[in-house]
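A.B. asks:
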Amino acid sequence: MSDPVDIDRATAEANGRDEILTATPGTTRRSGIVSGLLNTLNWMPSWCRYDPDNPPQFTLSTNILLAFSTTFTVANLYYPQPILNVIADDFQVSYERSSNVATLSQAGYAVGLLFLCPLGDIIPRRPFILFLILVTATMWIGLCLTTNFEAFVALSFLCGVGTVTPQLMLPLVGDLAPAHRRASCLSIVVSGLALGLLVARVLSGVVANFTAWRNIYWVALGLQYSTFIILFLTLPDYPAKNKGLNYFKALWKMALLVVEPLLIQACLLGFLISAAFTNFWTTLTFLLASPPYNYSSLEIGLFAFIGIAVISLAPVWSRLITDKFVFLFSSLLGLSFELVGIVIGTFIGTFTVAGPIIQAIFMDTGSNFAHTANRSNIYGLDPQARNRVNTVYMVFCFAGQLTGTAAGNRLYAQGGWIWSGSMNVGLIGAGILIGLLRGPRESGWIGWHGGWNIRRDEDIGEKTERQATAEDAGRLEVDT
Numbered sequence: 001m002s003d004p005v006d007i008d009r010a011t012a013e014a015n016g017r018d019e020i021l022t023a024t025p026g027t028t029r030r031s032g033i034v035s036g037l038l039n040t041l042n043w044m045p046s047w048c049r050y051d052p053d054n055p056p057q058f059t060l061s062t063n064i065l066l067a068f069s070t071t072f073t074v075a076n077l078y079y080p081q082p083i084l085n086v087i088a089d090d091f092q093v094s095y096e097r098s099s100n101v102a103t104l105s106q107a108g109y110a111v112g113l114l115f116l117c118p119l120g121d122i123i124p125r126r127p128f129i130l131f132l133i134l135v136t137a138t139m140w141i142g143l144c145l146t147t148n149f150e151a152f153v154a155l156s157f158l159c160g161v162g163t164v165t166p167q168l169m170l171p172l173v174g175d176l177a178p179a180h181r182r183a184s185c186l187s188i189v190v191s192g193l194a195l196g197l198l199v200a201r202v203l204s205g206v207v208a209n210f211t212a213w214r215n216i217y218w219v220a221l222g223l224q225y226s227t228f229i230i231l232f233l234t235l236p237d238y239p240a241k242n243k244g245l246n247y248f249k250a251l252w253k254m255a256l257l258v259v260e261p262l263l264i265q266a267c268l269l270g271f272l273i274s275a276a277f278t279n280f281w282t283t284l285t286f287l288l289a290s291p292p293y294n295y296s297s298l299e300i301g302l303f304a305f306i307g308i309a310v311i312s313l314a315p316v317w318s319r320l321i322t323d324k325f326v327f328l329f330s331s332l333l334g335l336s337f338e339l340v341g342i343v344i345g346t347f348i349g350t351f352t353v354a355g356p357i358i359q360a361i362f363m364d365t366g367s368n369f370a371h372t373a374n375r376s377n378i379y380g381l382d383p384q385a386r387n388r389v390n391t392v393y394m395v396f397c398f399a400g401q402l403t404g405t406a407a408g409n410r411l412y413a414q415g416g417w418i419w420s421g422s423m424n425v426g427l428i429g430a431g432i433l434i435g436l437l438r439g440p441r442e443s444g445w446i447g448w449h450g451g452w453n454i455r456r457d458e459d460i461g462e463k464t465e466r467q468a469t470a471e472d473a474g475r476l477e478v479d480t
């Protein structure tokens with residue numbers, strides 16, 4: 001028989017979640033439908049409920065669950081990219097107008113990143129993640145059915161806003177994973193993000209090549225609802241990290257984070273890595289579609305399978321390198337990988353396909369390692385603000401993606417593959433320089449105070465973890 005104290009505690013926690021969820025900006029009353037929806041999302045199986053006396057253990061199965069969940073949610077952003085020409089023909093619009101589908105999906109993602117992700121530091125993440133997936137999947141039905149192009153573009157924007165759940169899951173991994181395994185656990189979820197791009201491009205290209213293009217949207221709808229059901233039954237609950245924190249104060253605190261030297265260094269690296277990454281993958285399409293290759297769109301889409309190398313190597317790399325050495329060392333090593341691949345691919349890619357293949361492997365691998373190390377590094381800044389820290393980092397990465405796409409396309413149009421590749425050499429070279437300007441133990445903006453030792457200080461991560469755990473325990477005692 002259940003202990004009455006446990007029942008009261010569970011009821012109090014559920015009521016607390018209701019109060020927090022209703023405290024979001026602009027919300028004063030809930031309708032009966034919204035109330036029923038929130039009550040449903042707040043319900044969870046007994047094995048998912050949070051017990052302060054026995055917190056959930058971060059297992060390999062949970063790690064893989066979050067990785068595949070990020071795969072099938074972030075894929076929403078990439079389904080239309082390989083088939084924009086088909087969408088243009090079906091809606092009878094120009095290719096320039098059809099490109100708004102991809103552009104506004106990314107713009108919606110940026111809006112969600114800025115205004116939804118900080119809520120992860122205020123409200124419980126399990127019901128919030130489930131709510132976003134369910135609402136996005138429901139709006140996705142409109143993309144499957146509408147015959148109006150303006151409605152299709154508007155829904156693409158709204159679905160982009162809701163597709164920020166991977167950026168809520170990454171800080172959750174930072175909270176749940178033990179400090180000594182945080183980097184390797186993060187690398188598995190980051191690999192899930194890379195897999196999302198791969199799955200979306202390949203599925204979209206194959207389905208649109210052999211069937212009607214809308215079928216890929218129906219497939220995506222099924223994947224989203226399947227992800228919701230699986231997470232509803234398995235995602236562990238975790239208490240709000242800053243119960244009662246004002247939303248606008250949280251946004252202001254996010255703005256103040258830019259005075260942290262470590263965060264700015266990581267953000268600049270993220271900007272440069274993302275710019276080089278998107279520059280390569282965007283201009284690669286033009287290279288492979290032109291002589292001497294003349295590949296079809298399906299063959300170009302299948303080129304994304306190279307990302308499998310990243311997915312298989314990243315967790316091994318993180319376990320052997322990132323978890324044992326200072327994070328800056330892994331970032332610089334990843335950047336060096338990228339630089340080698342870029343130089344090879346840029347100067348032999350015009351006459352042999354081995355060039356872009358080698359470059360894709362080295363760039364995907366290096367960027368994955370560097371992003372994982374950067375995230376592991378910045379998550380230690382403030383354990384109570386990991387969602388906001390992650391948001392600042394991702395804003396820089398997103399700006400880098402836009403810069404890489406725009407500048408890379410312009411340079412390729414003017415000077416071809418060599419010009420766009422030379423831009424990547426400059427970007428990654430600048431990243432290595434920024435990494436070398438500030439050592440891993442430096443507290444200021446520039447310098448190497450604290451030594452050159454690349455071995456990680458074991459007590460740092462453990463101390464941060466103990467401090468965060470103690471603060472969480474203190475808040476739970478106050479709440480109960």
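Sequential numbering of the sequence shown, starting at 1, is according to the UniProt record's numbering. Each residue gets a CB set at the ideal place from its N, CA and C atoms; glycine is no exception.
Would DSSP call Arg388 helix, strand or coil?
C.D. replies: helix
A.B. asks: Do you know offhand how far Asn54's Cα is from Gln92's?
C.D. replies: Cα to Cα, the separation comes out at about 58 Å.
A.B. asks: Would the region 128-147 count as touching the region 243-253 if we require 3 or more Cβ pairs under 8 Å?
C.D. replies: no
A.B. asks: As a quick exercise: from Thr234, Leu132 and Thr73, pick the residue whose alpha carbon is nearest that of Ala220.
C.D. replies: Thr73
A.B. asks: Would you please verify whether the beta carbon of Ser376 is less than 8 Å from any beta carbon of chain C?
C.D. replies: In the structure shown, chain C does not exist; there is a single protein chain.
A.B. asks: Would a C-beta distance cut-off of 8 Å place Leu116 and Thr234 closer than the cut-off?
C.D. replies: no
A.B. asks: Should Arg375 go down as buried or exposed, given a rule of 16 or more other Cβ atoms within 10 Å for buried?
C.D. replies: buried
A.B. asks: Using C-beta distances below 7 Å, list every residue in its chain close to Arg181, excluding the 5 sequence neighbours before and after it, in chain order.
C.D. replies: Asp323
A.B. asks: Take every Cβ of the region 88-104, pair it with every Cβ of the region 186-196, and state whether three or more of those distances are shorter than 8 Å.
C.D. replies: no
A.B. asks: Over the uninterrupted alpha helix (DSSP H) stretch that includes Tyr109, give me the two end residues.
C.D. replies: Tyr95 to Phe115
A.B. asks: How many angstroms separate the CA atom of Phe305 from the CA atom of Phe248?
C.D. replies: 42 Å
A.B. asks: When you compare each of Ala276, Thr227 and Val173 to Phe398 by their alpha carbons, which one comes out closest?
C.D. replies: Comparing C-alpha distances from Phe398 to each of Ala276, Thr227 and Val173 shows the shortest one belongs to Ala276.
A.B. asks: Does the beta-carbon distance from Arg214 to Leu172 come in below 8 Å?
C.D. replies: no
A.B. asks: Throw me the rounded Cβ distance for the Thr372 and Ser187 pair, which I believe falls under 8 Å.
C.D. replies: 4 Å
A.B. asks: Return the first residue and the last residue of the alpha helix (DSSP H) that Trp417 is part of.
C.D. replies: Counting along the chain, Trp417 sits inside the alpha helix (DSSP H) bounded by residues Trp417 to Leu437.
A.B. asks: Need the endpoints of the alpha helix (DSSP H) that Leu84 sits in, please.
C.D. replies: Leu84 to Phe91
A.B. asks: Beta-carbon within less than 6 Å of Trp218's beta-carbon, same chain only, minus the 5 sequence neighbours each way: which residues are those?
C.D. replies: Cys144
A.B. asks: Does Gly447 come out as helix, strand or coil in the three-state DSSP assignment?
C.D. replies: strand
A.B. asks: Is the region 408-417 touching the region 221-233 in the sense that three or more CB pairs, one from each, lie closer than 8 Å?
C.D. replies: Result no; under three Cβ-Cβ pairs closer than 8 Å.
A.B. asks: Check Arg455 in the structure and name its three-state DSSP category.
C.D. replies: strand
A.B. asks: Which of the three DSSP states, helix, strand or coil, is assigned to Phe325?
C.D. replies: Strand, per DSSP.
A.B. asks: Rounded to whole angstroms, what's the CA-CA distance from Val353 to Gly270? Just pull it up for me.
C.D. replies: 28 Å
A.B. asks: Can you tell me whether Phe280 is buried or exposed? The criterion is at least 16 other CB atoms within 10 Å of its CB, across all chains shown.
C.D. replies: Buried is the call here.
A.B. asks: For Asp237, does the count of other Cβ atoms within 10 angstroms reach 16, so buried, or fall short, so exposed?
C.D. replies: buried
A.B. asks: With 16 as the cutoff for other CB atoms within 10 Å, does Phe362 come out buried or exposed?
C.D. replies: By the neighbour-count criterion, in which 16 or more other beta carbons inside 10 Å mark a residue as buried, Phe362 falls on the buried side.
A.B. asks: For Thr285, which residues from the same chain have a beta carbon less than 6 Å from its beta carbon, with the 5 sequence-adjacent residues on both sides left out?
C.D. replies: Ile300
A.B. asks: Where does Glu442 sit, in a helix, a strand or coil, going by DSSP?
C.D. replies: coil
A.B. asks: Quick one: Cα of Thr59 to Cα of Arg456, how far?
C.D. replies: 24 Å
A.B. asks: Check this for me: beta carbons of Met169 and Val392, under 8 Å apart or not?
C.D. replies: No, they are not a contact pair.
A.B. asks: Rounded to a whole number of angstroms, what is the C-alpha to C-alpha distance between Trp47 and Arg319?
C.D. replies: 29 Å
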